[in-house]
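Residue numbers (our numbering), protein chains in the order written: chain A, 235 to 621; chain B, 944 to 1268.
Shown next, in structure tokens, is the structure this report addresses.
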Amino acid sequence: MIAYNKIWLDNVTAQASIGQALEEKAITAEEYAIAGKQYPCAFYTPNFFIRIGMFILTNIVCSCAFGFMSLIMLNSIEKVVSTLFFLFSMAAYAALEFFVRTKHHYRSGVDDALMWTSGGCFIAGIAIAADLDMSMASISLLVMFISTYFTLRFADMLMAAIAVLASLSVVFFTYLHAGTIAKTTMPFVIMLISAIIYFAAKKISISYQARHYVNCLIVIQATMLVTFYAAGNYFVVRELSNGMFDLGLKEGETIPFGWLFWIFTIVVPVGYITRGLQKKDVVLLRVGLLLIVAIVFTIHNYHHILTVETLMVAGGISLVFIAWSVTRWLSVPKKGFTSAESNSKYLLDKMNVESLVIAQTFSGTGIAPEKRFGGGSAGGSGASGDF
Amino acid sequence: MDILVFQKLHAEGQLSDESFEKVKMAERNKLFSLHWELRTVLYLGILLLTSGLGILVYKNINTIGHQVILIFIALVCTGSFFYCFKKKPPYSNNRTASPNAFFDYILLLGCLTMITFMGYLQFQYNIFGTKNGLAAFIPMALLFFAAYYFDHIGVLTMAITNLCAWAGIALSPLTVLQDFDFNNETILSAAASIGVLLYTAGYFSVKQKFKAHFQFTYHNFSAHLLFLATLGGMFLYDAIYLLFLVILAALSYFFYRKALKEKSFYFVFILTLYFYIGFGYALVKLILDIDDDFGAAFFILPYFIGSAVLLILFLIRMNKKIRTL
Chain A
235 MIAYNKIWLD
245 NVTAQASIGQ
255 ALEEKAITAE
265 EYAIAGKQYP
275 CAFYTPNFFI
285 RIGMFILTNI
295 VCSCAFGFMS
305 LIMLNSIEKV
315 VSTLFFLFSM
325 AAYAALEFFV
335 RTKHHYRSGV
345 DDALMWTSGG
355 CFIAGIAIAA
365 DLDMSMASIS
375 LLVMFISTYF
385 TLRFADMLMA
395 AIAVLASLSV
405 VFFTYLHAGT
415 IAKTTMPFVI
425 MLISAIIYFA
435 AKKISISYQA
445 RHYVNCLIVI
455 QATMLVTFYA
465 AGNYFVVREL
475 SNGMFDLGLK
485 EGETIPFGWL
495 FWIFTIVVPV
505 GYITRGLQKK
515 DVVLLRVGLL
525 LIVAIVFTIH
535 NYHHILTVET
545 LMVAGGISLV
555 FIAWSVTRWL
565 SVPKKGFTSA
575 ESNSKYLLDK
585 MNVESLVIAQ
595 TFSGTGIAPE
605 KRFGGGSAGG
615 SGASGDF
Chain B
944 MDILVFQKLH
954 AEGQLSDESF
964 EKVKMAERNK
974 LFSLHWELRT
984 VLYLGILLLT
994 SGLGILVYKN
1004 INTIGHQVIL
1014 IFIALVCTGS
1024 FFYCFKKKPP
1034 YSNNRTASPN
1044 AFFDYILLLG
1054 CLTMITFMGY
1064 LQFQYNIFGT
1074 KNGLAAFIPM
1084 ALLFFAAYYF
1094 DHIGVLTMAI
1104 TNLCAWAGIA
1114 LSPLTVLQDF
1124 DFNNETILSA
1134 AASIGVLLYT
1144 AGYFSVKQKF
1154 KAHFQFTYHN
1164 FSAHLLFLAT
1174 LGGMFLYDAI
1184 YLLFLVILAA
1194 LSYFFYRKAL
1204 KEKSFYFVFI
1214 LTLYFYIGFG
1224 YALVKLILDI
1234 DDDFGAAFFI
1244 LPYFIGSAVL
1254 LILFLIRMNK
1264 KIRTL
């Protein structure tokens, strides 16, 4: 099913293991060199920058090619546009298979771009053929089939997430037809299905047959944890049922069983974090931490106990304090936990990336001088004293 | 780590018994690292705290409460700097290892609260006057000092963005294309001069061995500013855009040489994309000047298809070339 050379895929994981062993100084450098040769792999996987660059460029090629084809058929474009999308989707898919199988591209940016183009054009083709008149359930079903296919064939993580989200969407829009009972039980149905998919993904991910899909399964787990929470979150349930089922709630009015959803809102993330720490499960832990934000947001949306800025200051202080005390507490590893980095190989890269993050998030903090440039002569010469 | 891999290697005799034991040991005693979780929490905390304080000051600026807030900010700021002065490693012209993971972030907190504090003083009491952009210059100078004194690349990037802000350029990595004002002559020339200045700063960092590891940050900002200024010039001065194409080519070649010398694919990547944008713009403009009818599209679309394919091949080849250098 998978398009890539399976032995190479295994070798990629093996190489990673060997590299890690070298970093932990468990094996010697000679052993590392010999072992590395045992696991050859000829995938073309460039670094992150090239991947982005090739993704953009492939998209340019695709959209210009599409534009060129439409230009040629300009006179009858309305009749052929759907066929054109199909043909284009097929062509992109053929190119994708070519790059993956003959050129051995593996996460190179070219394959990503072709995959999205092919899938997107296929869906667009069908939607236009149906005169853009499709029910949500059938669109979701279509998306589900296509993304599932791409997930299985190319083990793409984002496609995996889309596939499970689309299947939830299929359930949502189909079950909606059941009428009143559907409206009241919808959150529980979504929660149930999320839980089923989550546990299934978890179970499958340890099996040997699924080893090439480990990352997809991790993404699926994380997505399902989020949807499980969202389905029970007070804000989501209230606003969604208010908007979609015309409950006509006024401000301050609550939904039936509102207390139950409040419990879900607060308990679920705490449960994730606790369980994640107990089981040393990174996915649970990180999703749990992320959802703390959702708790704060939900409570703040309905109960203005504090103003936003006081909340930010108070939250900021407590987060800094928590991080500080846990780091201190774990400075000597306890109960299998550590606050130290697991490897330091990429420290320099990380520092530079980190500095970009800082520049991005804090660049608005500078004092913006109003209408500074009267003459334009200063040009920055004043700063030369610093160097 | 996949223990099966090592089992196989061991069975085939490529892994000594001792190493195999070590691998098994490492696997058994594996620690669960909370490093990134803790760092993110810390970072978020500082982000929330500083922006919350900023809003608090802004909202309470005319009430009695603002003095309490100000004192609080001053306390956070001095507290952070006090901590940093106490914990900092002895100064050196080279890279110094930060004493702990916490240190970097506390320094960041100190710098950010300092900026808020100064901004407030300027707003309320106008202590730096209204001339010469002193209000932006002083925090910037202090940030540069802190970056060098405590050896912190993050603070250095803050100082550089402040330098740009002082010159009137809004610059942040993600929004640079939206916020960069391509239609303002003074801003373009300011961007070009700061670009040259930063390049020189990076050059001398290495040459004088004075915080040589700051070079990448300087040159990165410098390259983006110079390329943006050139592209901006190209868009702004319609009549002589071909001249700017020549400047762009020269600039690209300059950074190309530098990238090869330093074996940095990153610079090849950005110069390629900037040059591609500039060249594409000039070509499309040229074609449209000759024929602004429908026929132009028949030249332009194939050009983009062909050039993008060539560019992909170019990037792949350059990547290989730099790796084998």
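The beta carbon of each residue, even a glycine, is placed where N, CA and C say it ideally should be.
All values reported here derive from a predicted model rather than from experimental measurement.
Q. If we call anything under 7 Å between Cβ atoms a contact, is A/ILE500 one with A/ILE539?
A. no
(Q) I believe B/LEU1086 touches B/CYS1107 by the beta-carbon criterion, under 8 Å. Please report the beta-carbon distance rounded to the nearest angstrom. (A) So it is not a contact: roughly 12 Å between Cβ atoms.
**Q.** Burial state of B/ARG1260 (16 or more Cβ within 10 Å)
**A.** exposed
Q: Please check if any C-beta of chain A sits within less than 7 Å of the C-beta of B/PHE1222.
A: no
Q. Is the shortest distance between the beta-carbon of B/ILE1255 and the beta-carbons of chain A less than 7 Å?
A. yes
**Q.** Beta bridge counterpart(s) of A/TYR278 as assigned by DSSP
**A.** A/HIS339
Q: Report back the beta-carbon spacing between A/SER342 and A/TYR447 to the nearest angstrom; my notes put them in contact at under 8 Å.
A: With a Cβ gap of about 19 Å, A/SER342 and A/TYR447 do not count as contacting.
Q.
Quick check: the Cα distance between B/MET1101 and B/GLY1076, rounded to an integer number of angstroms?
A. 17 Å
**Q.** Proximity winner among A/ILE526, A/GLN249, A/ASN281, relative to A/ASN467 (alpha-carbon distances)
**A.** A/ILE526
Q: Take A/LYS337 and list the residues in its own chain whose beta-carbon comes closer than 6 Å to its own, dropping the five residues that flank it on each side.
A: none
Q) Which residue's Cα is closest to the Cα of A/VAL404: A/SER369, A/GLY510, A/VAL517, A/PHE422? A) A/SER369
Q) Is there contact here, the region 291–304 of chain A with the region 1242–1253 of chain B, by at least three beta-carbon pairs under 8 Å? A) yes
Q: Name, please, each residue of chain A whose Cβ falls closer than 8 Å to the Cβ of B/ALA1251.
A: LEU291, THR292, ILE294, VAL295, CYS298
Q: Output, in chain order, the set of chain B residues within a Cβ distance shorter than 7 Å of A/VAL460.
A: Chain B residues near A/VAL460: none, gap ~17 Å exceeds 7 Å.
**Q.** Buried or exposed (CB count within 10 angstroms, at least 16 for buried), A/LEU308
**A.** exposed
Q. Are three or more beta carbon pairs between the region 343–350 of chain A and the region 359–379 of chain A nearer than 8 Å?
A. no
Q) Buried or exposed: which applies to A/PHE300, given that a residue is buried once 16 or more other Cβ atoms fall within 10 Å of its Cβ? A) buried
Q.
What does DSSP give as the partner residue(s) for B/LYS1154 in the beta ladder?
A. Per DSSP, none; premise fails for B/LYS1154.
Q) Taking three-plus beta-carbon pairs below 8 Å as touching, is the region 554–570 of chain A in contact with the region 986–998 of chain B? A) yes
Q. For B/MET1023, which of B/ALA1110, B/PHE1045, B/LYS1263 has the nearest alpha-carbon?
A. Sequence inspection shows Ser at residue 1023 of chain B; the Met mentioned does not correspond to that position. The residue with the shortest Cα to Cα distance from B/SER1023 is B/PHE1045.
Q: Give a yes or no on whether the C-beta atoms belonging to A/GLY359 and A/PHE320 are separated by under 7 Å.
A: yes
Q.
Using C-beta distances below 7 Å, list every residue in its chain close to A/ALA248, excluding the 5 sequence neighbours before and after it, in chain order.
A. TYR273
Q. Enumerated in chain order, which unbroken segments of the alpha helix (DSSP H) with a length of 4 residues or greater are wholly contained in the region 468–543 of chain A?
A. 468–478, 492–513, 516–536
Q) Since B/PHE1210 and B/PHE1198 are thought to touch, with beta carbons under 8 Å apart, how far apart are those beta carbons, to the nearest angstrom? A) 5 Å
**Q.** Chain-order list of residues whose beta-carbon lies under 7 Å from that of A/HIS339 (same chain, five-residue window excluded)
**A.** TYR278, PHE333, ASP345
Q) Under a three-way DSSP split, which group does B/PHE1025 fall into? A) helix
**Q.** For B/TYR1091 and A/TYR463, the rounded distance between their alpha carbons
**A.** 46 Å
Q. Along chain A, which residues have their Cβ under 7 Å away from the Cβ of B/ALA1240?
A. LEU305
Q. The region 1167–1193 of chain B: which residues have C-beta closer than 9 Å to a C-beta of chain A, in chain order?
A. none
Q: Using a threshold of 7 Å, state whether the C-beta atoms of B/LEU1254 and B/ALA1225 are closer than that.
A: no
Q) Residues in its own chain within less than 7 Å of A/VAL470 by CB, not counting five upstream and five downstream? A) ALA464
Q) Excluding sequence positions up to five away, which residues of its chain have a Cβ less than 6 Å from the Cβ of A/ASN449? A) MET391
Q. Which residues in chain B sit within 8 Å of A/TRP350, going by Cβ to Cβ distance?
A. Result: empty, since nearest Cβ-Cβ is about 16 Å, beyond 8 Å.
Q. In chain A, what lies closer than 9 Å to B/LYS1002 by C-beta?
A. THR541, GLU543
Q | Spatial neighbours of A/THR599 in its chain, beta-carbon cut-off 7 Å, leaving aside the 5 residues before and after | A | Since pLDDT at A/THR599 reaches only 44, below the 50 mark, its modelled position is unreliable, and no value is offered.
**Q.** Nearest-angstrom Cα separation, counted from A/ALA237 out to A/SER381
**A.** 15 Å
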